[in-house]
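Enquirer: Take this structure, written in structure tokens, and hold onto it; I'll ask about it next.
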Amino acid sequence: MADYRHGLRLKTARISNIEDWLDRNAEGAWDIRLDEISEDLETKSYMIFFEQADDLAALKWALSYRGMPDRPDLPALGGKGASRRAAKVA
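Residue numbers for the sequence shown follow this note's numbering, so the first one is 583 and each next one is one higher.
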């Protein structure tokens with residue numbers, strides 16, 4: 583079982599783009615939990631937990647680079663294990 587020590591709260595109308603981005607880019611384990619739902623059911627607040635601090639930092643970077651995550655074109659970081667592969671080459 584993963585030890586989730588890092589996290590953030592995110593408000594968005596859709597979470598599927600975030601899940602897709604995490605599937606492609608997170609190196610460690612992660613989990614998403616529904617936190618709140620607006621009265622009009624349009625916006626939801628999610629808690630996203632990470633095993634690795636680097637994955638949290640990467641998601642924050644991707645969100646700040648493109649704004650809110652309702653867009654499918656969040657920037658990728660080279661896929662799972664990219665930083666480990668780069669470290670081996672260097």
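C-beta: ideal position from N, C-alpha, C; glycine also. If you're wondering where the values come from, they're calculated on a predicted model, not measured in any experiment.
1. Starting from glutamate 618, trace the beta strand (DSSP E) both ways and give me its first and last residue.
2. Can the beta-carbon of tryptophan 612 be found less than 9 Å from the beta-carbon of aspartate 637?
3. In or out: isoleucine 689 buried (at least 16 other Cβ within 10 Å) or exposed?
4. Once you ignore the five residues that flank leucine 590 on each side, which residues in its own chain have a CB closer than 8 Å to its CB?
5. Have a look at Thr594, Ile614, Lys626 and flag the residue whose alpha-carbon is nearest the alpha-carbon of glutamate 633.
Expert: The short version:
1. 612 to 619
2. yes
3. There is no way to answer for residue 689, as the model of the chain reaches only from 583 to 672.
4. Met629, Ile630, Leu638, Leu641, Lys642
5. Ile614
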